Every structure is written in C-alpha cells, then in structure tokens.
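Worksheet: the structure to be examined is printed underneath.
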Amino acid sequence: MTKLSSKQLELFDLSTVESTKQPITRDPYWNKISVLEDAIISIAALPEHTEHNKKWQWIEEYTVVRSQKKHYYFRYCWYERTTRKIHHTHIPGGNVKSAIAQQKKQVVENAIALGKSPAEIEKIIDQSRT
Numbered sequence: 002m003t004k005l006s007s008k009q010l011e012l013f014d015l016s017t018v019e020s021t022k023q024p025i026t027r028d029p030y031w032n033k034i035s036v037l038e039d040a041i042i043s044i045a046a047l048p049e050h051t052e053h054n055k056k057w058q059w060i061e062e063y064t065v066v067r068s069q070k071k072h073y074y075f076r077y078c079w080y081e082r083t084t085r086k087i088h089h090t091h092i093p094g095g096n097v098k099s100a101i102a103q104q105k106k107q108v109v110e111n112a113i114a115l116g117k118s119p120a121e122i123e124k125i126i127d128q129s130r131t
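Basically the working numbering = 1-based index in the sequence shown + 1.
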C-alpha cells in the first residue's frame, strides 16, 4: 500500500467548505400569512374522508368498439387497497353525449364528494337502473 501524499489529503479537507456556508434568508412575506389557519378552515368545511375518496374513487370514460365504431360511456371506478384491484361499474344512461348519462354521472360525482363508500355508490347506480 502506498501512503497518501499531503496534497491528496487536502482534497478532502471539509473545514474550508464549512466556512463558506451562507445564512438562510427567509422571505418576510410568509410571516404575514397564517397557512395553518387557512388549512384548518378548509379541512373543517369538507366532509370526512373527501381527500381519501378523491384518490381511490373516480369516474372515467371508456370505449367500446362495435361495427368498427367507437362508443364512449361513463364508468365508476374505485381502488380496493386490501386486494390491490381496480373495480369498474358502468353508469347507465347511454353514451357520454346523452343528457341522462351526464346527470347520472353528476349524481355519482356528488356521492364521491360527500365521502360515500363504494358499496353505497354501487347501490345508487343500481337504483338508477330501474
């Protein structure tokens, strides 16, 4: 083994690096704003588990090809964390241009926003079929 020269050791001398640190400057604008109070107000105004439901439940358009034509429909989707599976349920009422389908989609979106569970939303969809 060869001995390290003093020049090589100087390359790794951190004492010079530490002396060049500059103090952190903070913008005084943020001292005037109470971010925590705003967050508390917005959280209290929302129904329970709303943010959770937005991540795990959604509505999407899907395509069915018949006679070489694409037809677009709405479906309600939710992710089940225990089984790690995405479930889909067709929202009845016709294609995405149909006023009935758009109304039923809006009902499901409202249920998601209110924090309803997937089982409750499926019941809403089943009731709209009759």
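Positions of the beta carbon are idealized from the N, C-alpha and C atoms, including for glycine. Since we're looking at a predicted model, the values are computed, not measured.
Can you name the start and end residues of the alpha helix (DSSP H) that residue i belongs to?
| i | result |
| --- | --- |
| Lys117 | Looking at the DSSP string, Lys117 is not in any alpha helix (DSSP H), and its letter there is neither H nor E. |
Take residue i as the anchor and find which of the options has the nearest alpha-carbon.
| i | options | result |
| --- | --- | --- |
| Gln128 | His91, Leu115, Lys70, Asn96 | His91 |
| Gln103 | Gln58, Tyr77, Glu121, Lys56 | Tyr77 |
| Ala112 | Gly94, Trp79, Ser68 | Trp79 |
| Glu81 | Lys98, Gln107, Trp57, Arg67 | Trp57 |
In chain order, what residues of the same chain have a beta carbon less than 6 angstroms from the beta carbon of residue i, not counting five sequence neighbours either side?
| i | result |
| --- | --- |
| Pro48 | Because Pro48 sits at a pLDDT of 44, beneath the cut-off of 50, its placement in the model cannot be relied upon, and the following sentence gives the value as read from the coordinates. Contacts found: Leu115, Gly116. |
| His89 | Arg76, Cys78 |
How big is the Cα-Cα spacing for residue i and residue j?
| i | j | result |
| --- | --- | --- |
| Arg130 | Phe75 | 14 angstroms |
| Lys70 | Ile125 | 30 angstroms |
| Glu121 | Ala100 | 23 angstroms |
| Ile60 | Ser118 | 14 angstroms |
| Gln123 | Val108 | Inspection of the sequence shows that residue 123 is occupied by Glu rather than by Gln. Cα-Cα distance, rounded: 12 angstroms. |
On the premise that residue j lies in contact with residue i, defined as a C-beta separation below 8 angstroms, what is that separation, rounded to the nearest angstrom?
| i | j | result |
| --- | --- | --- |
| Asn96 | Tyr73 | 6 angstroms |
Name the two residues that bound the continuous beta strand (DSSP E) containing residue i.
| i | result |
| --- | --- |
| Gln58 | 58-67 |
Less than 7 angstroms between C-beta atoms, sequence neighbours within five positions excluded: which residues of the same chain meet that for residue i?
| i | result |
| --- | --- |
| Lys105 | Ile92, Pro93, Gly94, Ser129 |
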